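Peer 1: In our numbering, the protein residues as written are 1347 to 1585. Structure below; questions to follow.
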C-alpha cells in the first residue's frame, strides 16, 4: 500500500479559497497552498474491506481504538482540499500505524449540481479498485487529479482508466471492464442513499467532507480542525 510521511518544505499560500463544503453552506475551506502531495511510494499493506451494509469501505486494522468515518464526493473541491492537505495526511498516517481505522461513505451528489456523471463513475471505479485491494492508492490518485479532471471533461471512463495506470497492479481486464460497464452501479446508488441518510436534519446528506470520530460528528471549529495536522491529530488521539 502507501507509505505516508508528513510533508515538509516551504508552502506558498495563494489566498483563501472562496469555497464552502459541498452540500452545506457552513463548511468553509482553508486557504490553499501551491503544493501537491509528494510522489507515491507503494510499499505497505493495509486491510481494505466492504462492510456488511454494502456501502462502507473500511481501511485499516479492525481492532484500532479510533474509528473515523469520512463522507466524500469525488467532485467536491473542498474534499480535494482535505485530501491534499495535512488533515487527510495525518489520518492516513495514523491509519497506517493501526491507531485508527477509516470508514468511507462515497457520495455522488455533485453530479446533480454540476451535471454529468463524473462522481458516479469515480465512485464505481473506486469500488472496482477495492476488489483489487488497491482502493487506498486509487482514492489518493483520484483526489490528486480532481481539478484536472474537471478542467478536461470530468471523471470520464477514459480518464479514470488513465489515472488507474498510476497505481501499479490496478489495471487489469476485470478492473477495466468494471469501469467501462459501470459494473458497480448498484453500489453507487446504495452509497448515495447511505450518505443522504447520514444526517436526520439534512435530507440531502451532511455535506462533504463530513468527518465522524468514534460516532461524534465534527462540527464548527472541530470540523475546521480536519484541515490542520496538529489539531486533527489531537482529535484522533481521543479514546
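Glycine included, C-beta positions come from ideal geometry on N, C-alpha and C. All values derive from a computational prediction rather than experimental measurement.
#1: If you measure between the beta carbons of residue 1478 and residue 1516, is that distance less than 8 Å?
#2: Tell me which residues share the same chain as residue 1510 and place their Cβ nearer than 6 Å to its Cβ, disregarding the 5 neighbours each side in the sequence.
#3: Taking 8 Å as the threshold (C-beta atoms), are residue 1464 and residue 1421 in contact?
#4: Count Cβ pairs between the stretch 1522-1540 and the stretch 1439-1453 that sit closer than 8 Å; are there 3 or more?
#5: Would you give the residue range spanned by the beta strand (DSSP E) that residue 1394 belongs to?
#6: Taking C-beta to C-beta, are residue 1412 and residue 1394 nearer than 8 Å?
#7: For residue 1369, which residues of its own chain have a beta-carbon under 7 Å away from its beta-carbon, when the five flanking residues on both sides are left out?
#8: Leaving aside the five residues before and after residue 1446 along the sequence, list all residues of the same chain whose C-beta is less than 7 Å from its C-beta, in chain order.
#9: Using DSSP's beta-bridge definition, name the partner residues of residue 1447.
#10: Report the partner residues of residue 1422 according to the DSSP bridge assignment.
#11: Using the Cβ count rule (16 or more neighbours within 10 Å means buried), how would you classify residue 1578?
#12: Beta-carbon separation of residue 1493 and residue 1529 under 8 Å?
#13: Run through DSSP, which three-state label would residue 1430 get?
#14: Quick one: grab the DSSP three-state call for residue 1562.
#15: How should residue 1514 be labelled, buried or exposed, when 16 other C-beta atoms within 10 angstroms of its C-beta is the threshold for buried?
#16: What are the residues that DSSP puts in a beta bridge with residue 1403?
#17: Taking the alpha carbon of residue 1484 as the point to measure from, which residue in 1402, 1431 and 1470 has its own alpha carbon closest?
#18: At 3 residues or longer, and completely inside the stretch 1506-1564: list those beta strand (DSSP E) runs for me, N to C.
#19: With 16 other CB atoms within 10 Å as the buried threshold, where does residue 1572 fall?
#20: Following the continuous alpha helix (DSSP H) through residue 1465, name the residue where it begins and the one where it ends.
Peer 2: By the coordinates alone:
#1: yes
#2: 1516 and 1517
#3: yes
#4: yes
#5: Looking at the DSSP string, the run of the beta strand (DSSP E) that includes residue 1394 is 1394-1396.
#6: no
#7: 1455, 1550, 1551, 1553 and 1554
#8: 1406, 1410, 1412, 1414, 1437, 1440 and 1582
#9: 1413
#10: According to DSSP, which records beta bridges pairwise, residue 1422 is partnered with nothing at all.
#11: It counts as buried.
#12: no
#13: DSSP, reduced to helix, strand and coil, places residue 1430 outside both helices and strands of the structure shown, so it counts as coil.
#14: strand
#15: exposed
#16: 1396 and 1450
#17: 1470
#18: 1556-1559
#19: buried
#20: 1464-1477
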